[in-house]
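Sequences listed follow chains A and B, in order. Numbering-wise, the first sequence is residues 5 to 606 according to this note's numbering. Numbering-wise, the second sequence is residues 534 to 610 according to this note's numbering. Quick reminder that beta carbons are idealized off the backbone N, C-alpha and C, glycines included.
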Amino acid sequence: MSDIQSILAWYDAAPSVARLHKASSDLTKIASTSSDCLRIAVLRNITIEMISPALILEVARLGQLAIIQYGEFDTILQDAFAEDGWLTAFDPHIIVIAQRIHGIAGPLIHRFNSLSSKEVKKLVDDSISQCRSVLSRLRETTNATLLVHNFEEPLHPAGGFIDASRVDGQLNTIRAMNSALASIANDIPSTFIVDMPLLMAQVGHSAAIDERYWQSSRAPYKPAFLARLAQTYTRPIAVKLGKTKKCIVLDCDNTLWGGVIGEDGMEGIKIGQTYPGSAFRDFQLAVLDLSKRGILLALCSKNNEADAMEVFSSHPEMVLRPEHFAAKRINWEPKASNLMEIARELNIGTDSLAFFDDNPIECEQVLTDRPEILTVCLSGDPSGFRDALTSLNAFDTLTLTDEDKRRSEMYRAQSERNQLLGKASSIHDYLTSLQMKVVVRQDDSEAVQRIAQLTQKTNQFNLSTKRYTDEEITCLMNGPNSLVFSARVTDKFDDNGIVAVAIVWIEGNVASIDTFLMSCRVIGRGVETVLLSRVMKEVAKHGVAYLRSRFVPTSKNEPAKRFLSDNGFAKTSNEYEYELQYPASVQEPDWFESVVFEGINK
Amino acid sequence: MMIEDKVKELLAAVLGLNADEITGESTIENVETWDSMAVLSISLAIEEEFSLQLSPEEQLQMNSYEAIVRLLNSKGL
């Protein structure tokens, strides 16, 4: 077996312990000959090497090969503070701090009742400040995403029945430590908590901890829990690789309400305060809440559109209303083709869709025709629908920007624009009637998160598809030779927010466009040309003679393919590279109401 | 599958070898990838494959093919 997908398929066909080890060692063999691996470093005060096979497999599910290295047992501090140690040489993408409270503040576990409150405070303060200094140090010395285990809660707390009622009890002491760790994660960029109490509650304590291996080898976790941990470690990776879902597409009958609207009518369908209607209502509440995290909603149902929409607009118990949906296909066409149209209308890939339907035949067809769509078949008791959605882990983000919270409003504005387009006599008239205003800013420190997020999420109009973290963007803004441009677009319907980014390096008389991208939500409106024009003007002030750029083709960035050649760049003999010689300029489209540049001198 | 073959298959997978590279004589002494961490992994794999629980002493006996088969036999497998 030679490629990732066939190894995964072989494992999934009959999962077993032997196959897990075989698959992971086959993947490791491929990794040893590949230059493009995901490097994961684990610093720890427990034995956790047995997680490797599961972690390698989980990373492979994201299409990546993993190389994992472990620090020595209980050397977290030394590993983090070593000058030119193994971490520096390894240069990891991810650093996991796998720690148990036993190794950092053992007395809190073993003899809590014998400790004075002063002693408790000292143990707590010392361990938290150690965690803070380790994470700060790693943040200063690496670009890795940091994942830190917080502390397990004791299954049988030291104070017995009253323990949880006492603020200074063992449980609340450990909970306070975990909350202190959360503040640290809040303060230090790209640092995330691996929430042990939560993960252990999900699998159950007895399925998570193996006291025998803890005693024999300081290896506390059972294989099933290691698998859960491995999945958790890969969640931020999935976000960075753009593997998360952006849109929930919902069937209507027996998915959002019980019964069939075309047969049961408004009076007959089940939605409301009593079962089974209450379960459908809870499912709708969960859907709506996810949309507040920036996930788009769409409808795909075999129904008469007027019947179905009547439920959304008039049924008093409905949570989801017509304005919550960014797109809908309510007709009698096959669902797979409707789903493709929805993706096209929203300018996202079909692999960004999660589809929920109660009909196993429809689900099977979509699974067969469009395997890249995450299809969830909701069957049987609707009490389970809510969890089927919330347990998916497919909608993660690493930051929550204001843009995310407003995303569905933005798409609604888009559908108003589309209506205007339908009425306009020409594209030019339409674009003029949008009354677009563009503000291009250079090195805008307030936009760091959004810019990093755009580099992580933009796949279509993206010349180089380079992904950056918040701190990398900050470095680029502060660097003397790099310029970060961002364009914000407003029109008569909405503030589209920051939608385009360019990152340029200047070296001697050559300026190189490292990144040039634009959100798909404004494709076709000329924003990219305005941004390029302003970038060219600004770069010219640095006295450069050449502007170079690269178009690195991916399976998704076809929309950006001709951008460079259309704007006067000529292909050079270097792979992917294009070049333009000054003096040069680009004609800005005349349909913008205003274009403003706000820069700083570097 | 005979218990002996199952053990060989499991050892080969955990140790990153082909099944025919594990023999009756294979031990922690003569197999390069068989280290103390492999002892743990083998122990976990044996537990899961044969649905049994090993005591901490038994876990640390996962040092040779022969010892593993003997242990499984003593448990009636």
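Discussion item. For residue 546 of chain B, would you say it is in contact with chain A, using Cβ-to-Cβ distances shorter than 8 Å as the test?
Written reply: One-based indexing of the second sequence puts residue 546 of chain B at position 13. True, the Cβ-Cβ gap to chain A drops below 8 Å.
Worksheet item: Are the region 249-263 of chain A and the region 275-288 of chain A touching by the rule of at least three beta carbon pairs closer than 8 Å?
Response: yes
Worksheet entry | Option in A/440, A/535 and A/471 with minimal Cα separation from residue 598 of chain A | Counting from 1 along the first sequence, the entry for residue 598 of chain A is found at position 594. Measuring from the Cα of residue 598 of chain A, the nearest candidate turns out to be A/440.
Item to complete: Please look up how many angstroms separate the CB atoms of residue 254 of chain A and residue 303 of chain A, rounded, as I've assumed it's under 8 Å.
Response: Residue 254 of chain A sits at position 250 when you count from the first residue of the first sequence. Residue 303 of chain A sits at position 299 when you count from the first residue of the first sequence. That pair is a contact at about 6 Å.
Worksheet item: Does the pairing of the region 401-411 of chain A with the region 440-458 of chain A give three or more beta-carbon distances under 8 Å?
Response: yes
Worksheet item: With a cut-off of 8 Å, do at least 3 Cβ pairs link the region 418-432 of chain A to the region 567-587 of chain A?
Response: no
Discussion item. Can you pull the chain B neighbours of residue 220 of chain A, defined as C-beta to C-beta under 7 Å?
Written reply: Here residue 220 of chain A refers to the residue found at position 216 of the first sequence. The contacting residues are 589, 592 and 593.
Worksheet item: For residue 573 of chain B, which residues in chain A fall below 9 Å Cβ to Cβ?
Response: Here the question's residue 573 of chain B lines up with position 40 in the second sequence. Here the neighbours are 51, 53, 54, 217, 220, 221 and 223.
Discussion item. Based on DSSP bridge pairs, tell me the residues matched to residue 522 of chain A.
Written reply: One-based indexing of the first sequence puts residue 522 of chain A at position 518. According to DSSP, residue 522 of chain A bridges with A/465 and A/504.
Practice prompt. Go through its chain and collect everything with a Cβ distance to residue 396 of chain A's Cβ below 6 Å, but skip five positions before and after it.
Written response: Start at 1 with the first residue of the first sequence, and residue 396 of chain A comes out as number 392. Nothing listed; no residue qualifies.
Worksheet item: Helix or strand or just coil, what does DSSP make of residue 100 of chain A?
Response: Translated into the one-based positions of the first sequence, residue 100 of chain A becomes position 96. In the structure shown, residue 100 of chain A sits in a strand (DSSP, three-state: E or B).
Worksheet item: What residues are listed by DSSP as bridge partners for residue 213 of chain A?
Response: Position 209 of the first sequence, counting from 1, holds the residue named residue 213 of chain A. Residue 213 of chain A pairs with A/225.
Item to complete: Using 10 angstroms around the beta-carbon of residue 333 of chain A, count the other beta-carbons present and answer buried if the total reaches 16, otherwise exposed.
Response: Here residue 333 of chain A refers to the residue found at position 329 when the first sequence is read from its first residue. So residue 333 of chain A ends up on the buried side.
Discussion item. For residue 25 of chain A, would you say it is in contact with chain B, using Cβ-to-Cβ distances shorter than 8 Å as the test?
Written reply: As a first step, residue 25 of chain A must be located in the first sequence, where it is residue number 21. It does; some Cβ of chain B falls within 8 Å.
Item to complete: Taking only beta-carbon positions, decide if residue 577 of chain B is within less than 8 Å of chain A.
Response: If you number the second sequence from 1, residue 577 of chain B lands on position 44. It does; some Cβ of chain A falls within 8 Å.
Practice prompt. May I ask you to list the residues that DSSP assigns as paired with residue 153 of chain A?
Written response: Here residue 153 of chain A refers to the residue found at position 149 of the first sequence. Note: residue 153 of chain A sits in a beta bridge opposite A/198.
Worksheet entry | Near-chain B residues of the region 322-335 of chain A (beta-carbon distance less than 8 Å), N- to C-terminal order | none
Worksheet item: In or out: residue 190 of chain A buried (at least 16 other Cβ within 10 Å) or exposed?
Response: Within the first sequence, numbered from 1, the residue matching residue 190 of chain A stands at position 186. Classification for residue 190 of chain A: exposed.
Worksheet entry | residue 386 of chain A versus A/367, A/280 and A/373, residue with shortest Cα-Cα distance | Here residue 386 of chain A is taken as the residue at index 382 of the first sequence, counted from 1. Comparing Cα positions, the closest option is A/280.
Item to complete: Check each candidate in A/528, A/470 and A/494 and name the one with the smallest Cα separation from residue 554 of chain A.
Response: Taking the first residue of the first sequence as 1, we reach residue 554 of chain A at position 550. Looking at the Cα atoms, A/470 is the closest of the given residues.
Worksheet item: Would the region 547-556 of chain B and the region 555-573 of chain A be scored as touching if the rule is three or more Cβ pairs under 8 Å?
Response: Touching, no.
Worksheet item: When burial is assigned at 16 or more other CB atoms within 10 Å of the CB, is residue 389 of chain A buried or exposed?
Response: Indexing the first sequence from 1 puts residue 389 of chain A at position 385. When all chains shown are included, residue 389 of chain A counts as buried.
Fill in: Inter-residue CB distance, residue 58 of chain A and residue 230 of chain A (contact presumed, cutoff 8 Å)
By 1-based counting over the first sequence, the position of residue 58 of chain A is 54. By 1-based counting over the first sequence, the position of residue 230 of chain A is 226. That belief holds up - the Cβ atoms of residue 58 of chain A and residue 230 of chain A are roughly 6 Å apart, short of 8 Å.
Worksheet item: Would DSSP call residue 448 of chain A helix, strand or coil?
Response: Here residue 448 of chain A refers to the residue found at position 444 when the first sequence is read from its first residue. Of the three classes helix, strand and coil, the one that applies to residue 448 of chain A here is coil, per DSSP.
Worksheet item: Counting Cβ pairs closer than 8 Å, one from the region 38-56 of chain A and one from the region 65-78 of chain A, do we hit at least three?
Response: yes
Item to complete: Express the C-alpha separation of residue 569 of chain A and residue 23 of chain A in angstroms, rounding to a whole number.
Response: Along the first sequence, read from residue 1 onward, the residue named residue 23 of chain A stands at position 19. Along the first sequence, read from residue 1 onward, the residue named residue 569 of chain A stands at position 565. Those two C-alpha atoms are separated by around 50 Å.
Worksheet item: Cα separation between residue 429 of chain A and residue 536 of chain A?
Response: The residue given as residue 429 of chain A occupies position 425 in the first sequence. The residue given as residue 536 of chain A occupies position 532 in the first sequence. The alpha-carbon atoms of residue 429 of chain A and residue 536 of chain A are separated by roughly 28 Å.
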